[in-house]
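Participant: Dropping a structure here in structure tokens format, bear with me for questions.
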Amino acid sequence: MLTRVLRSRSALRTSAPLFRASYASTATTSNQAPANDPVSRDVKPNVSATNATPTSSEGSFDKVLQESVQKGEQLRTEQAPNRKGIWSRSQNPREVAMSGPRFEQSIMEDQPRPYAAIDLIHKQPVRWTNERVVSCDGGGGPLGHPRIFINVDKPQICMCTYCGLPFAHEHNRAHLESLPASELSYPLAPSGDVAEVPESQRVTDEPLGQR
88 MLTRVLRSRS ALRTSAPLFR ASYASTATTS NQAPANDPVS RDVKPNVSAT NATPTSSEGS
148 FDKVLQESVQ KGEQLRTEQA PNRKGIWSRS QNPREVAMSG PRFEQSIMED QPRPYAAIDL
208 IHKQPVRWTN ERVVSCDGGG GPLGHPRIFI NVDKPQICMC TYCGLPFAHE HNRAHLESLP
268 ASELSYPLAP SGDVAEVPES QRVTDEPLGQ R
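Residue numbers for the sequence shown follow the numbering used here, beginning at 88 and rising by one.
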């Protein structure tokens, strides 16, 4: 009896149809940005040709609104004025974010385009010191960062792992100045770049003062 029951159960198990889930994905367009879509998207210009037509902007701007399609597409795809692509894997490319009808007739030159801090920090000149260990708190106050201590014994530029400010020992100045500029990630002396900030960024002297 037990054998018959087992045989009947095995027969039902083998004869039952197997249902498997199937997934289908439709082709997307350049005006859509769905999440987790395995279908590749066409790369199409997102700037309308009507932007090249002069338009009066009386009351809001002091110039006529006009922008060529080529210039607008270049500004739309550049991640920042000083950097073309992304610098972090968690970033959303600008050409993906600024797509669709919302930005089709927008003057890209008038859109917010902040500079990339990852390149601006490398405009800061080296802070020379006679101490073996220096401390950095980003300028102090609520706009700074936790204070860390940096060993500058090695003949190289030592940067803060929080804000990226460069430090080096005076004993290594001759060696660093002998290296070609292509091997240095920071300028050794102030160059007059507009991105440079003074060594002391404090505005007030109290412990929690603003920079």
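A virtual CB, placed ideally from N, CA and C, is assigned to each residue, including glycine.
Exposed or buried, what is Ala120 when buried is set at 16 or more other beta-carbons lying within 10 Å of its beta-carbon?
Facilitator: Residue mapping note: residue 120 aligns to position 33 of the sequence shown, counting from 1. Low confidence applies here, because Ala120 scores a pLDDT of 49, under 50, leaving its location unreliable; read the following figure in that light. Label assigned to Ala120: exposed.
Participant: Using CA atoms only, rank isn't needed, just tell me which of Gly187, Ala167 and Pro188 is closest to Gln178.
Facilitator: On the sequence shown, position 91 is the one that residue 178 refers to. Per the Cα distances, Ala167.
Participant: Could you check what DSSP says for Ile235 in three-state terms: helix, strand or coil?
Facilitator: Taking the first residue of the sequence shown as 1, we reach residue 235 at position 148. Strand at Ile235.
Participant: Using only alpha-carbon positions, find the residue among Ile244, Lys210, Arg260 and Ser269 that is nearest to Phe254.
Facilitator: By 1-based counting over the sequence shown, the position of residue 254 is 167. If we check each option's Cα against that of Phe254, Ile244 comes out closest.
Participant: Going along the chain, which unbroken runs of the alpha helix (DSSP H) with 4 or more residues stay wholly within the segment 234 to 276?
Facilitator: Complete alpha helix (DSSP H) runs here, min 4: 260 to 265.
Participant: Determine the burial state of Asn138: buried for a count of at least 16 other Cβ atoms within 10 Å of its Cβ, exposed for fewer.
Facilitator: In the sequence shown, the residue the question calls residue 138 occupies position 51. It is buried - the Cβ of Asn138 has at least 16 other Cβ atoms within 10 Å.
Participant: How many Å lie between Gly226 and His232 at the Cα?
Facilitator: For the purposes of this step, residue 226 is identified with residue 139 of the sequence shown, where counting begins at 1. For the purposes of this step, residue 232 is identified with residue 145 of the sequence shown, where counting begins at 1. The straight-line gap from Cα to Cα measures roughly 8 Å.
Participant: List the DSSP bridge partners of Trp174.
Facilitator: Looking up residue 174 in the sequence shown gives position 87. Paired residue(s): none; Trp174 is not in a bridge.
Participant: Could you work out which residue in Ser175, Pro188, His258 and Met195 is closest to Gln161 when comparing CA atoms only?
Facilitator: As a working mapping, residue 161 is identified with position 74 in the sequence shown. Closest option to Gln161, Cα to Cα, is Met195.
Participant: Answer yes if the segment 200 to 219 comes into contact with the segment 169 to 189, meaning at least three C-beta pairs across the two stretches below 8 Å, and no otherwise.
Facilitator: With the cut-off at 8 Å, the segment 169 to 189 and the segment 200 to 219 touch.
Participant: Near Gln198, what residues of its chain come up, given a Cβ to Cβ distance below 6 Å and the 5 sequence neighbours on each side ignored?
Facilitator: For the purposes of this step, residue 198 is identified with residue 111 of the sequence shown, where counting begins at 1. Within the same chain, Gln198 has no close Cβ partners at all.
Participant: Nearest-angstrom Cα distance between Asn133 and Ser155?
Facilitator: Along the sequence shown, read from residue 1 onward, the residue named residue 133 stands at position 46. Along the sequence shown, read from residue 1 onward, the residue named residue 155 stands at position 68. Taking the straight line from one Cα to the other gives about 12 Å.
Participant: Indicate whether Leu252 and Leu263 have their beta-carbon atoms separated by less than 8 Å.
Facilitator: Within the sequence shown, numbered from 1, the residue matching residue 252 stands at position 165. Within the sequence shown, numbered from 1, the residue matching residue 263 stands at position 176. It is not a contact, given that the beta carbons lie outside the stated cut-off.
Participant: Assuming contact is defined by CB atoms lying nearer than 8 Å, are Glu182 and Arg163 in contact in what I supplied?
Facilitator: Looking up residue 182 in the sequence shown gives position 95. Looking up residue 163 in the sequence shown gives position 76. Cβ distance < 8 Å, so Glu182 and Arg163 count as in contact.
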